[in-house]
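Q: Sequences listed follow chains Y and B, in order.
Our numbering puts the first residue of the first sequence at 1, with every later residue one more than the last.
Our numbering puts the first residue of the second sequence at 1001, with every later residue one more than the last.
The C-beta atom is built at its ideal place from N, Cα and C for all residues, glycine as well.
Just so it is clear, the structure is predicted and the values come from calculations on it, not from any experiment.
After the structure tokens below, expect a handful of questions from me.
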Amino acid sequence: MPQYETVIGLEAHVELKTRAKIFCDSTTEFGGAPNTHVCPVCLGLPGALPVVNKKVVEYAIRAALALNCKIAEFSKFDRKNYYYPDMPKNYQISQYDLPIAKHGCLEIDTANGVKKIGITRLHMEEDTGKLVHQGTITTTPFSLVDYNRAGVPLIEIVSEPDLRSPEEARQYMEKLRTVILYTGVSDCKMEEGSLRCDANISVRPVGTGGFGTKAEIKNLNSFKSLQRSLAFEAERQIKTLEAGGKIVQETRTWDEGKGETLSLRSKEYAHDYRYLPDPDLVPLLIDRQWVADIRNSLPEMPDQRRLRYVKEYGLPAYDAAILTNTKELADYFEECVKAYPHPKAISNWIMGDLNRLLNLHGIEITGCKVTPQNLASLLMLIGRGTISGKIAKTVFAEMFAGGKAAETIVKEKGLTQISDKRVIVAIVDEVLARNPGPVEDYKAGRERALGFLVGQVMKASQGKANPELANKLLREKL
Amino acid sequence: MITKKDVEHVALLSRLELTGPEKDMYTRQLNDILEHFQFLARLDTENVQPTAHVLPLQNVFREDWAGLHISREDALANCPDQEENYFKVPKIV
């Protein structure tokens, strides 16, 4: 049996965060009662004329620049014709041969190092309405349609078939999400559908050129279902070929419950979209100064920022990757560093206690009650020896819950670390008197007994004794 | 050359039901149209830009203001069948 290689290309759809739809004034707001965010244009009523929202073009250019694409000088909109009730016009306004941008790339970190994934094109189009089925799409007796989403602006980002495993496909999507979030043009919420993807997948014997017949998988609404469905589909195709069968070019849907892909329709008809330039919309001539202005307004991108964190702050690559994963977290980190210039200590706290509590309570960093200045003050208290590292964890939990400043909590609760030798000596004497057994053990050469005694001193002082001092005084007494 | 099979294919894509004589008629008419394009193709277009639009206009934009929409009753007014404020359509696949 030959070894097979998986070839994957992804088409990502990103909803843009504009106020109004792409060709009309209807709101893009998510949710809303069915068919209330609609107007004659997005309902495709006779005589209604689309006019493109300038912000959509700006955001598309912004995303394209962040993905290293070349921006077209001349671009236009086309009609993609198909009969499916998700669009009331029986066509979707999209871009065919002259998309707004082409030839980009995105770098992903694989087990074998950094890999550059080509981006074929990026174009603008309108989102479709939403179909509600009873049960699944193949068994429902009829469908219900809500056109609130019809006409919400989308960019479609098509990758080259450069991905070689379901894992790489997931990494590509995660990286794409990070980059788009940095640009601020979308909130990229997979669960709300503002980031979606379809996957084209084929297999071929290792070492052969050309491509096998591909299947397109739809309905992938999480990173997990993307990776799982591709793993399933690659195996299905290999098994089919090994059994002497042929792969049919088709669209398949991912059934999350069953954990398998199911055939939806044969692709031959579906792809016959008979594109034509939309006569209702005039072409776009993209001004170079406009492109330059958008480029200048882009923030530092995650790859550059990560490298800078290693170089400028001396952070491990792992820390740098986590801290720069979202722009908001990276901004938070940098605010902390401004107030307390010890990057590694801050990184440890952010990746440790802060991230743990954020995840536990399902809070975003932007909703965190601990300001960067407050986290910095807490670390200063530790640095000066006012509180121990252990007490700091308790203080931090309280700062996280109530948003109080570190100093306030330490003062209110009397948590200041005890560094007064006389006070600690008194506690040490008491602990030694109460624990003759461990004292004997220590004297018999068992080092571990010391750890127990230090623990007892800490406990007796309610965690406030300076641990180093307690350790030192215990040794002296023994 | 457009064949009867092409006409049947295009009719299917456009959800048109054609009778036998209609298929023959459209096959003939569409071939006539193509023939005319053969005639046009003889023109020298070496220095002519492809036409993307017939009007001499570019960059007509609207600003990103959300506002105008119509009531749900109006939206659903022409709908042949509805349920729970949705458009109701027959089974798709």
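In terms of residues, what are the limits of the beta strand (DSSP E) holding H37/Y?
A: Counting along the chain, H37/Y falls outside any beta strand (DSSP E), and DSSP gives it neither H nor E.
Q: Strictly under 9 Å for the Cβ-Cβ distance: is L1018/B near chain Y by that measure?
A: no
Q: What are the start and end residues of the beta strand (DSSP E) that includes F1037/B?
A: For F1037/B, no beta strand (DSSP E) segment is defined; the enclosing uninterrupted segment is the alpha helix (DSSP H) at G1020 to L1040.
Q: List, in order along the chain, the chain B residues whose C-beta lies closer than 9 Å to that of K89/Y?
A: Those do not exist, as K89/Y stays about 13 Å from chain B at its closest Cβ, beyond 9 Å.
Q: Starting from the C-beta of Q1029/B, find all residues in its chain whose C-beta is less than 6 Å away, skip the five residues before and the five after it, and write them out in chain order.
A: Taken in chain order, the list of residues that qualify is empty.
Q: Could you tell me which of E250/Y, I286/Y and R274/Y sits nearest to K70/Y, measuring between CA atoms?
A: I286/Y
Q: Is D1026/B close to chain Y, meaning its C-beta is less than 9 Å from at least one C-beta of that chain?
A: Residue 1026/B is actually Tyr in this sequence, not Asp. Closer than 9 Å: no.
Q: Confirm, please, whether the CB-CB distance from I1070/B to L144/Y is below 9 Å.
A: Taking 9 Å as the cut-off, the beta carbon of L144/Y is found no closer than this to the beta carbon of I1070/B.
Q: Going along chain B in order, which residues have a C-beta closer than 7 Å to the C-beta of T18/Y?
A: Those within 7 Å of T18/Y in chain B are D1064.
Q: Quick one, which of R305/Y, C197/Y and G209/Y has its alpha-carbon nearest S229/Y's?
A: C197/Y
Q: Need the endpoints of the alpha helix (DSSP H) that L450/Y sits in, please.
A: R448 to A460
Q: How many whole angstroms separate the CB atoms of Q171/Y and E126/Y, which I take to be in contact at a CB cut-off of 8 Å?
A: Actually they are not in contact, since the Cβ atoms of Q171/Y and E126/Y sit about 29 Å apart, beyond 8 Å.
Q: Quick check: the segment 323-338 of chain Y against the segment 361-381 of chain Y, are there 3 or more CB pairs under 8 Å?
A: The segment 323-338 of chain Y, when compared against the segment 361-381 of chain Y, does touch it at the 8 Å Cβ threshold.
Q: For L1043/B, is the classification buried or exposed, using 16 other Cβ atoms within 10 angstroms of its Cβ as the cut-off for buried?
A: It counts as exposed.
Q: I want to verify the contact list: residues of chain B whose CB lies under 8 Å from the CB of S26/Y, in sequence order.
A: What S26/Y touches in chain B: A1066, L1068 and H1069.
Q: Could you tell me whether the segment 27-46 of chain Y touches the segment 141-158 of chain Y, where touching means 3 or more Cβ pairs closer than 8 Å?
A: Cβ pair count under 8 Å is three or more, so yes.
Q: CB-CB under 6 Å to H133/Y, same chain, minus the five flanking residues each way: which ones, in chain order?
A: T140 and S143
Q: Which residues in chain Y sit within 7 Å of E1083/B, going by Cβ to Cβ distance?
A: At a C-beta separation below 7 Å, E1083/B has these neighbours in chain Y: L144.
Q: Against N35/Y, what residues of chain B qualify as contacts under a CB-to-CB distance less than 8 Å, listed in chain order?
A: Near N35/Y (Cβ distances below 8 Å), the residues of chain B are R1072, A1075, L1076, N1085, Y1086 and F1087.
Q: Just confirm the distance between the C-beta atoms of D420/Y and K393/Y, as a whole number of angstroms; I'd bet it's less than 8 Å.
A: Rounded to the nearest angstrom, the Cβ distance from D420/Y to K393/Y is 23 Å, too far for a contact under 8 Å.
Q: Using only CA atoms, which one of F23/Y, N68/Y and T138/Y lies nearest to L264/Y?
A: T138/Y
Q: If you draw a straight line from the C-alpha of G259/Y to the C-alpha of V310/Y, how long is it?
A: 41 Å
Q: Start and end of the alpha helix (DSSP H) containing A12/Y?
A: Membership of A12/Y in any alpha helix (DSSP H) is not indicated; the residue belongs instead to the beta strand (DSSP E) covering Y4 to E15.
Q: I'd like to check one pair, V7/Y with R479/Y: are the Cβ atoms closer than 9 Å?
A: Given that chain Y is displayed from residue 1 to residue 478, the structure contains no residue 479/Y and the question cannot be resolved.
Q: For R177/Y, which residues of its own chain have a beta-carbon under 7 Å away from its beta-carbon, when the five flanking residues on both sides are left out?
A: C188 and L195
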